[in-house]
Amino acid sequence: MTKINRRTLMSGAGALTLAGVAQAGFASHAVAQSVPAVPTRPMPALARTHDTVSLTAVQTNRPRVALTFDDGPHPQNTPWLLDILAQYRAKATFYVIGQNARRYPEIMRRIVAEGHEIGNHTFTHPVLSQLGDGNVLREVDRTQQIVWDTVGAVPVTMRPPYGSFSHRQMRMLFDQRNLTSVVWSVDPQDWRRPGVSVVADRMVRGARPGAVILAHDIHGPTIRAVPAALDGILAQGLQPVTMSDLLAWPHWGPRGLRYVAGPAGHYQG
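Numbered according to mature numbering (1 follows the signal peptide of the UniProt record, and there is no 0), the sequence shown spans residues -24 to -1, 1 to 245.
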C-alpha cells in the first residue's frame, strides 16, 4: 500500500507558490468539434475516501512516477502526445483548463479512452491565491461539470495554476469538495522554452519513485522532448502512471460506460 509523506502533503505555502510561472491557456481559433454527448445524469459529489489535502510527491518504494501535463487540451499537441504515450505504453494525468476542455471534447474522450486521467486545472487559469473562496469554487466547479458532461467521470485532484494556492485554500477545497490539491516535485520549466534536450534531461534527472513531473502539452518543444524523457525514465526502471495509480487510489474513469472508438467516438451504457 502506498504511503503518503505528510511532510510533502502539508509543506509550507512558500514551497507551493513556486517561482516558475507557467503560461496560461492558449489562444486558438479552431472550430469546436461536434461529438455525441455523454448520457445526461446529475454529476456525483466526490466521497471522502482519504485524508490527503495536498501533495507535491508521494512516498513509495514502488518504481512509479506521475507524468502530468497542464493547460490543454491542445488541438494538435495533445493528440500528438497521446500517440507518443501509446507507443511507450505510458500513462499520464492531464490537468485541463475547463474552457479548453469544453472546446475540444473529442480529445478529452480520447484521453480517457486510452487509459489516462483527467485532473482539474480551473476554468480560466487564474491566480487562485488572489481569489475569494466563492470564486475559487466556481472556477473548480465549472471544470468539474464540463469534464463530467464530456467523459462521464469527475476529476479527483486539482492543480492550482502557477502552484499559487494557500494552505487555508487547500483545506477549504478539500473540506468543501473532497478534492486534493496536487502541485509537483519536478519542474523542467518547459514554459521558458529552454530547448528540447534540456526539458528532457530535467525530467529524467528529477525522476525517482513517487515523483510528480510537471510539463505542458500546449508547447510543441515539450512534446518533442517526451520520447527522450520517457527513454530515460524507463531506463531507470520507473513506470509512468496516473496520479490515482501513484497514490494507489481506485482506478479513475467513467463508471458503467464503455467507449466506442472511431471517427465519431462516443460512450455507450
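Note that CB positions come from ideal geometry on N, CA and C, so glycine has one too.
In whole angstroms, give me the CA-to-CA distance for residue i and residue j.
i: valine 217; j: arginine 40; result: 7 Å
i: leucine 104; j: serine 140; result: 6 Å
i: histidine 58; j: proline 136; result: Going by the sequence as given, residue 58 is leucine instead of histidine. In a straight line, the C-alpha of leucine 58 is about 23 Å away from that of proline 136.
i: glutamate 90; j: alanine 62; result: 8 Å
i: aspartate 197; j: proline 18; result: Looking at the sequence provided, one finds proline at residue 197 rather than aspartate. Approximately 39 Å, taken between the alpha carbons.
i: valine 130; j: arginine 169; result: 32 Å
i: methionine 148; j: aspartate 109; result: 8 Å
i: arginine 178; j: asparagine 96; result: 25 Å
i: alanine 183; j: alanine 211; result: 11 Å
i: tyrosine 80; j: arginine 144; result: 33 Å
i: glutamine 152; j: methionine 134; result: 13 Å
i: proline 226; j: tyrosine 71; result: 18 Å
i: proline 164; j: aspartate 46; result: 13 Å
i: alanine 204; j: valine 180; result: 9 Å
i: asparagine 111; j: valine 159; result: 20 Å
By alpha-carbon positions, which one of the options ends up nearest to residue i?
i: histidine 26; options: Leu155, Trp160, Arg85; result: Leu155
i: glutamate 115; options: Ala77, Ile209, Phe99; result: Phe99
i: leucine 214; options: Ile189, Ile194, Arg200, Pro230; result: Ile189
i: histidine 192; options: Thr28, Ala68, Arg38; result: Ala68
i: threonine 119; options: Val174, Val132, Gln63; result: Val132
i: isoleucine 209; options: Gly229, Trp228, Val175; result: Val175
i: serine 142; options: Val123, Tyr64, Ser157; result: Ser157
i: valine 34; options: Gln145, Arg200, Val162; result: Val162
i: serine 173; options: Ala201, Asp166, Arg181, His195; result: Ala201
i: proline 20; options: Gly128, Met84, Gln165, Pro203; result: Gly128
i: alanine 77; options: Ala187, Tyr64, His50; result: His50
i: alanine 187; options: Tyr64, Thr32, Thr28; result: Thr32
i: residue 249; options: Arg86, Val123, Phe150, Gln52; result: Past the boundaries of the shown model lies residue 249; the chain is included only from -24 to 245, so the question cannot be answered.
Residue i lies in the alpha helix (DSSP H); which residues open and close that run?
i: asparagine 109; result: Looking at the sequence itself, residue 109 is aspartate, so the reference to asparagine does not match. 109 to 127 is the extent of the alpha helix (DSSP H) around aspartate 109.
i: tyrosine 71; result: No alpha helix (DSSP H) contains tyrosine 71, which is instead part of the beta strand (DSSP E) from 69 to 72.
i: leucine 22; result: Run containing leucine 22: none; DSSP gives neither H nor E here.
i: glutamate 82; result: 81 to 89
i: residue 248; result: It is not possible to answer for residue 248, since the shown part of the chain is limited to -24 through 245.
Grab the span of the beta strand (DSSP E) containing residue i for me, first residue to last.
i: residue 248; result: Lying outside -24 to 245, the shown extent of the chain, residue 248 is not represented and no answer is given.
i: alanine 42; result: 40 to 46
i: valine 158; result: 156 to 158
i: glutamine 215; result: 215 to 217
i: asparagine 53; result: Element bounds for asparagine 53: not the beta strand (DSSP E) but the alpha helix (DSSP H), 53 to 64.
Do residue i and the ligand MN come close, with the Cβ less than 6 Å from some heavy atom?
i: valine 112; result: Of ligands this structure carries none, so the ligand MN is not represented either.
Please return the same chain residues whose Cβ sits closer than 7 Å to the Cβ of residue i, not counting the five positions on each side in sequence.
i: alanine 66; result: Leu43, Leu206, Pro216
Is the CB of residue i under 7 Å away from at least one CB in chain D?
i: valine 29; result: Structure shown: chain D not included; a single protein chain is present.
To which residues of the same chain is residue i closer than 6 Å at the C-beta, ignoring the five residues directly before and after it?
i: residue 246; result: Residue numbering for the chain in the displayed model covers -24 to 245; residue 246 lies beyond these limits and cannot be assessed.
i: serine 10; result: Per-residue confidence for serine 10 stands at a pLDDT of 41, beneath the threshold of 50, marking its modelled position as unreliable; no derived number is given.
i: valine 7; result: Model confidence at valine 7 stands at a pLDDT of 35, short of 50, so the residue's coordinates are unreliable; what they give is reported in the following sentence. If we look at valine 7 and ignore the five residues flanking it on each side, it has no Cβ neighbours.
i: tryptophan 124; result: Met19, Val130
Please go through the same chain and pick out, in chain order, the residues whose beta-carbon is closer than 8 Å to the beta-carbon of residue i, but skip the five residues on each side of it.
i: leucine 22; result: Val130, Val132, Arg153, Asn154, Leu155
i: valine 88; result: Ile94, Val127, Ala129, Gly229, Pro230, Tyr235
Review point. Would you call the stretch 27 to 39 and the stretch 218 to 226 touching, i.e. three or more CB-CB distances under 8 Å?
Key: yes
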